[in-house]
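Enquirer: Handing you this structure, nothing more for now.
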Amino acid sequence: MRATDEGRAPAAEPIRIVAVDDHSLLRSALCQLIDAEEDLRVVADVDTSQGLADLVERTRAQVVLLDVEMPDHHAPTVVGELTRRFPGLHVLVLTMYNDAQLVQEMLARGARGYLHKSVPRESLLSAIRNATVRDPHVTIAVPRSGMSESGFREPQQTLSPREREVLTYAAAALSNRQIASRLKITEGTVKRHLRNIFEKLGAVSRIDAVNKAVDAHLIRRP
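So the number in this note's numbering is just where the residue sits in the sequence shown, counting from 1, plus 37.
Pasting the structure below:
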């Protein structure tokens, strides 16, 4: 553990991550991106899901970044086995597929996120950091451009009707207090909805959330 200045609390331990992808160059780039963050650490990277559960136990990993398409690998089965054995594990699926059925199956097996490999780095890092947050919501981040062969688009159900209302008022530049008054809820509830919205959209600000929601056709631009 690094020494700390006198009177300063020790820094929190980095989030421990295992990266699983059979494309070595992509996996290497992913690990470099993650290890550049002070609060994140790749504790293992492998090209197969064989023996993955034992690796998670040995490294005490909190997050697994799991590719879908690999030899001798059925991703839904792997996700189900991992989440049954390690209920607190945060499994994030990284893939090039935009298949709605696959998204639903992965989430049903216990995955906490489904991210296309083309998503911005901020969305990925946000999804990883959510591993330390006790929150029932999942992260879904897929391209906004067009429909896939399965007809899947960035899922509209990522925002609840109330969250859309809150974000619509936020898009109109209303304050939290004004939004609370309009919806007859507390200001604290408005803040909670905004936190959930930011997490679901991978947003870092109100403007960012509004822009992403408009692009995904979740709300109309005022």
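Just so you know, even glycine gets a beta-carbon here, dropped at the ideal spot from N, CA and C.
Report the three-state DSSP secondary structure of V57 (helix, strand or coil).
Expert: The residue labelled residue 57 in the question sits at position 20 within the sequence shown. Note: V57 maps to strand in three-state DSSP.
Enquirer: Using only CA atoms, which one of A168, L152 and S242 lies nearest to R78?
Expert: Start at 1 with the first residue of the sequence shown, and residue 78 comes out as number 41. Ranking the options by Cα distance to R78, first place goes to A168.
Enquirer: Just list the residues that DSSP pairs G150 with in beta bridges.
Expert: Here residue 150 corresponds to residue number 113 of the sequence shown, with the count starting at 1. In the DSSP output, where bridge partners are listed per residue, G150 has L129 and T176.
Enquirer: According to the neighbour-count rule (16 or more other Cβ atoms, all chains shown, within 10 Å of its Cβ), is Q99 buried or exposed?
Expert: Along the sequence shown, read from residue 1 onward, the residue named residue 99 stands at position 62. When all chains shown are included, Q99 counts as buried.
Enquirer: Taking the C-alpha atoms as reference points, what is the distance between A250 and H153?
Expert: The residue given as residue 250 occupies position 213 in the sequence shown. The residue given as residue 153 occupies position 116 in the sequence shown. Between A250 and H153, the C-alpha separation is close to 17 Å.
Enquirer: Please name the residue, chosen from E118, K221, A178 and N248, that lies closest to D136 on a Cα-to-Cα basis.
Expert: In the sequence shown, the residue the question calls residue 136 occupies position 99. It is A178 whose Cα lies nearest to the Cα of D136.
Enquirer: Between T120, T85, R53 and I222, which lies nearest to R64 when the distance is taken from Cα to Cα?
Expert: The count along the sequence shown starts at 1 and reaches residue 64 at position 27. Nearest C-alpha to R64: T85.
Enquirer: DSSP has I52 in a bridge; who is on the other side?
Expert: As a first step, residue 52 must be located in the sequence shown, where it is residue number 15. I52 pairs with L77.
Enquirer: For V156 and R121, what's the separation of their Cα atoms in angstroms?
Expert: Taking the first residue of the sequence shown as position 1, residue 156 is located at position 119. Taking the first residue of the sequence shown as position 1, residue 121 is located at position 84. Distance between the alpha carbons of V156 and R121: 28 Å.
Enquirer: Could you check where the beta strand (DSSP E) with D252 kicks off and where it finishes?
Expert: For the purposes of this step, residue 252 is taken as the residue at position 215 of the sequence shown. From DSSP, D252 is part of no beta strand (DSSP E) but of the alpha helix (DSSP H) over R243 to D252.
Enquirer: Taking the CB atoms as reference points, tell me whether A56 and L67 lie closer together than 7 Å.
Expert: The residue labelled residue 56 in the question sits at position 19 within the sequence shown. The residue labelled residue 67 in the question sits at position 30 within the sequence shown. Yes, the Cβ-Cβ distance between A56 and L67 is below 7 Å.
Enquirer: In terms of DSSP beta bridges, what is D109 paired with?
Expert: Stepping through the sequence shown from its first residue, residue 109 is reached at position 72. Answer is none; D109 lacks a bridge partner.
Enquirer: Between which two residues does the beta strand (DSSP E) harbouring L103 extend?
Expert: Walking along the sequence shown from the start, residue 103 turns up at place 66. Start and end: V100 to D104.
Enquirer: Evaluate I244 with the Cβ neighbour count: other Cβ atoms within 10 Å of its Cβ, from every protein chain shown; 16 or more gives buried, anything less gives exposed.
Expert: Taking the first residue of the sequence shown as position 1, residue 244 is located at position 207. Classification for I244: exposed.
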